[in-house]
Structure formats: C-alpha cells, structure tokens
Amino acid sequence: MALQHPDGGGFEFTRRLRSVSDRDARRMHESFVAPALAFDGDEMGDRLLFPLEMTWFYGEPVYESLGAAERIKLNRLTFCQSYLSTAVAEAATNVLNYEAALSALTYDDADAGEYMAREVVEETTHIQSFLIVIRKVLAHYGLTLEELRATNVSLPLATRYTQAHSVLGWVLGDLNFYYFTRFAMNVNQKTVERCTIDEPDMHPDVREILRHHAIDEARHMQMSRGTGKVALERMRARWMRNLACIGYARFAARLYIGRHRRDGSLQAGTRIRTLMLCGVEEPRAREAYRQWRDRVNQPDDPPLVQSARLYYVKQNFAYIDELDVSDSIRSYMKRAISATYGDVIRAEREGGLRPLELGELRR
Ligand SMILES: [Fe+2]
Ligand SMILES: [Fe+2]
Numbered sequence: 004m005a006l007q008h009p010d011g012g013g014f015e016f017t018r019r020l021r022s023v024s025d026r027d028a029r030r031m032h033e034s035f036v037a038p039a040l041a042f043d044g045d046e047m048g049d050r051l052l053f054p055l056e057m058t059w060f061y062g063e064p065v066y067e068s069l070g071a072a073e074r075i076k077l078n079r080l081t082f083c084q085s086y087l088s089t090a091v092a093e094a095a096t097n098v099l100n101y102e103a104a105l106s107a108l109t110y111d112d113a114d115a116g117e118y119m120a121r122e123v124v125e126e127t128t129h130i131q132s133f134l135i136v137i138r139k140v141l142a143h144y145g146l147t148l149e150e151l152r153a154t155n156v157s158l159p160l161a162t163r164y165t166q167a168h169s170v171l172g173w174v175l176g177d178l179n180f181y182y183f184t185r186f187a188m189n190v191n192q193k194t195v196e197r198c199t200i201d202e203p204d205m206h207p208d209v210r211e212i213l214r215h216h217a218i219d220e221a222r223h224m225q226m227s228r229g230t231g232k233v234a235l236e237r238m239r240a241r242w243m244r245n246l247a248c249i250g251y252a253r254f255a256a257r258l259y260i261g262r263h264r265r266d267g268s269l270q271a272g273t274r275i276r277t278l279m280l281c282g283v284e285e286p287r288a289r290e291a292y293r294q295w296r297d298r299v300n301q302p303d304d305p306p307l308v309q310s311a312r313l314y315y316v317k318q319n320f321a322y323i324d325e326l327d328v329s330d331s332i333r334s335y336m337k338r339a340i341s342a343t344y345g346d347v348i349r350a351e352r353e354g355g356l357r358p359l360e361l362g363e364l365r366r
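Each residue of the sequence shown is one higher than the last, beginning at 4 in our numbering.
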C-alpha cells in the first residue's frame, strides 16, 4: 500500500467496524478471560467441547471400540487441538495484521490502520482465553500444553503461512494478497465454531466464550470481505488479479471441515497422535486414520459435517460472485473448490442435505 489515500481509499467501511469494536473492547475481559478463569476442568461432567459429529473419527470402528469416557476424551481433545491450531493461526494473522497496520498508519488510511491494530488486540485476548481453557482440560487428563503441542505437528504451517505472505508483501509492496485470501479462513473457522455453539451437550462456559468469539470473528470476516475486495481492485494488472483469484480458489479448496482426501502428512500425524492419546496403539491408529480419510467405512460424512461443508462452499461462492472478475475466472474458482467438496455438492443436488441454519448472535 504505497500510495496516500487521504479519503479512505476504499476503507471507509472500517469506520463502522471500528465503532462496534470500540463498544465491545470495554468488555473484552468479561467476555473472554473471566469465563475462561471461571471454567473448571474437573467439573465438566459428561459435557462436550466440540460438535459430537465433528469429533475426529466419529462413527468409525475405532471410535465405536472406545469406552464412553474415551469417546468424550477424544471429543475434548479434538476441541483442544482445533483451538490450539486456532490460537496459533490467530497469532499468525496478528503478525500480518500488524504489518498491514504499520503500512496503513505510515502511508495509507490511518483510521483503517488503527482498526487493523485493534483486531490484533482482540485476537490476543482470544488466544489468552483459549489457552486457559485448553490447559485446564488437559490438566484434567494429566496432560500439559507442551505434550499436546508435541502431537499437533501441523502447527508450524502457521509460521510458513506468515512467512510466505510477509515475503510476498515485501516483494509486491502491499499485503493485498493476504487480505484477499483471509476470507476463506474466516468462513472455515466460523462454520465449525457455530456448530460447536449449537451442540446440545456443549459445556455452557466454553459455549459462552465461543459465542463471544463468533461475534468478534463475524466482524473480522466483514473486514476480510471488504478489504479483500479493495485489495483486488488495487491490483492494477489483470494478470495479477487473475493470479490472486486462482490462489484464493486453491487455498479455499485445501481448507476443509472433517476429513479430506488431500490431507497432508502433518494433518494426518496430528489426528493419529490424538487417537493415541486416547489409548489406541500406533499401528491401529494409523490404520484407523487411513480408513477414515479414504472413506472406507463411512462413504458419507455424518449429516452435520455434510451441512457444514455445504455451508462453507456456499459462503465461498457468494464471495466469489461479489468479485469484479471475468466469468471464466469466476467459474474456474468455483470448479477448484467444487473439486474437493464434490461430495456435498452432489448430495445437495440429490436433495438429501439439510442446510445449516445459524441464528443471529448478540452480546
Ligand atoms: Fe479470534
Ligand atoms: Fe479474527
């Protein structure tokens, strides 16, 4: 962002986001940190921490072979792994958000820069509250954060993501590409989080934290959507816009909910090691993972996972429809995402899917 934009340069929408954030910022401690501190890991009863049907390996023979307590433990460890990954991903976006804030404060729309910096503060509080809860859940099972981290071998991907966008930003002179692609991450996170909030057996204290998180993240998603479109407009050369769109589609296609046939070895390693934390021997855990990923036992995902995957696709398609790009690029983007989400697109065509209904959340 090398030019002066005294009139806002397209970032006027951040004024509204900023005024909402100003109001919410005063209550950050009571929305996030206080309930995390009040949460008692030894008083969880039978409550879940993640949507039942989104528990890794749910419905597989290995899952059925676990006792009731181990199944709940697997559900809670799925939460711990997912939110440890979320915390690390939020730290990664903070690095880039602050690079963008620095640039905007120096050269561009200073008010927008201030709002970008505000998101960093919000994410920092989210990270703090997630880690408090995760540590307490782990302590209940005699585990430490360091032990969990050793099993979450996909965490370093966040560092690579930050490095790649920082280098690209340095070469191109702006973080347009980062903002343009951030939307897909927001939608992915939102979809799973809203299903967690709606899980009937969810632990009420953790649900409350996630409800507040979903409200903040809905605003961050508006930021991604608005800034993504400004970023695309600011890419002057058509080839660069097209390249950005291709990059977006490929990135969005690789993000997923549930199992994915393009799962990398790092994601696989995290899931296998999590199963091992529930007492499954390594060779059996590896084989169970292979069968789960390759849909050997359950060709179709559980209904909630299917609905969530379809929601993710639809949100992405709606974003793509809003972009000022050629029809051929638009259809390429949709095809790329459809290639990894074909199962739910087919299921919807056949009329067997119930759409995800997400009510409005308020503070
Ligand atoms: Fe967050
Ligand atoms: Fe966020």
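No residue lacks a Cβ here, since even glycine has one placed at the ideal position from N, Cα and C.
Measuring CA to CA, which of the options is closest to residue i?
i: F186; options: R276, A115 and F320; result: F320
i: L3; options: T81, H215 and A311; result: Nothing about residue 3 can be reported from this structure: the residues present for the chain run from 4 to 366 only.
i: T96; options: T127, E67, A271 and G70; result: T127
i: Y181; options: R228, K139 and A115; result: R228
i: A240; options: L175, F35, K317 and S268; result: L175
i: R237; options: I260, S310 and V328; result: V328
i: T194; options: M31, K317 and S24; result: K317
i: T277; options: P38, A39 and L77; result: L77
i: K139; options: Y322, L40, E290 and T109; result: L40
i: T162; options: T89, L326, G48 and Q301; result: T89
i: G57; options: L307, D266 and Y110; result: According to the sequence provided, residue 57 is Met. The question's Gly does not apply to it. Considering only alpha carbons, the answer is L307.
i: V209; options: M279, Y292 and S34; result: S34
i: R265; options: W295, E284, E285 and E290; result: W295
i: L20; options: G261, E117 and E196; result: E117
i: L213; options: L52, E15, S22 and R18; result: L52
i: Y144; options: G250, C83, S22 and E125; result: C83
i: N100; options: L134, S341, E46 and N179; result: N179
i: R312; options: R287, E284, S341 and Y292; result: S341
i: R289; options: T273, D304 and W242; result: T273
i: G12; options: A234, L280, S24 and R197; result: A234
i: R298; options: Y61, G44 and R152; result: Y61
i: E351; options: Y292, G250, Y314 and Y322; result: Y314
i: G355; options: A339, Y322, D304 and R338; result: D304
What distance in whole Å lies between the Cβ atoms of residue j and residue i, which are believed to be in contact at a cut-off of 8 angstroms?
i: T199; j: P54; result: 5 angstroms
i: L269; j: V156; result: 5 angstroms
i: A104; j: A120; result: 4 angstroms
i: A252; j: Y335; result: 7 angstroms
i: V347; j: Q309; result: 5 angstroms
i: H223; j: E122; result: 6 angstroms
i: L246; j: N191; result: Not a contact, Cβ separation roughly 22 angstroms.
i: H129; j: H216; result: 6 angstroms
i: L361; j: R152; result: The pair is not a contact, with the Cβ atoms about 31 angstroms apart (cut-off 8 angstroms).
i: R50; j: D204; result: 6 angstroms
Going by the C-beta, is residue i closer than 7 angstroms to any heavy atom of ligand 1?
i: E56; result: no
i: E126; result: yes
i: E220; result: yes
i: H129; result: yes
Which term fits residue i, buried or exposed, when burial requires 16 or more other beta carbons within 10 angstroms of its beta carbon?
i: R244; result: buried
i: V136; result: buried
i: V65; result: buried
i: T165; result: buried
i: D177; result: buried
i: E363; result: exposed
i: E220; result: buried
i: R357; result: exposed
i: T230; result: buried
i: W59; result: buried
i: P207; result: exposed
i: R74; result: buried
i: E325; result: exposed
i: G261; result: buried
i: S22; result: exposed
i: R147; result: The sequence given here has Thr at residue 147, not Arg. Under this definition T147 is an exposed residue.
i: R349; result: exposed
i: E353; result: exposed
i: L6; result: Confidence is the limiting factor: at L6 the pLDDT is only 46, short of 50, which leaves the residue's position unreliable and the question unanswerable from this model.
i: V91; result: buried
Just to check, is the beta-carbon of residue i closer than 7 angstroms to a non-hydrogen atom of ligand 2?
i: H215; result: no
i: E122; result: yes
i: E93; result: yes
i: H223; result: yes
May I ask you to check if the CB of residue i is nearer than 7 angstroms to at least one heavy atom of ligand 4?
i: A247; result: Annotation note on ligand 4: not contained in the displayed structure, which lists ligand 1 and ligand 2 as its ligands.
Problem - Minimum length 4: unbroken alpha helix (DSSP H) runs contained in the segment 108-177 - result: 113-143, 148-154 and 159-175
Exercise for the section: Please list the segments of the beta strand (DSSP E) lying wholly inside the segment 232-297, counting only runs of 3 or more residues, in order along the chain. Expected result: For the segment 232-297, not a single whole beta strand (DSSP E) run of length 3 or above is found.
Exercise for the section: Go through the segment 15-78 residue by residue and report every complete run of the alpha helix (DSSP H) that reaches 4 residues or more, in order. Expected result: 16-28, 37-41 and 64-67
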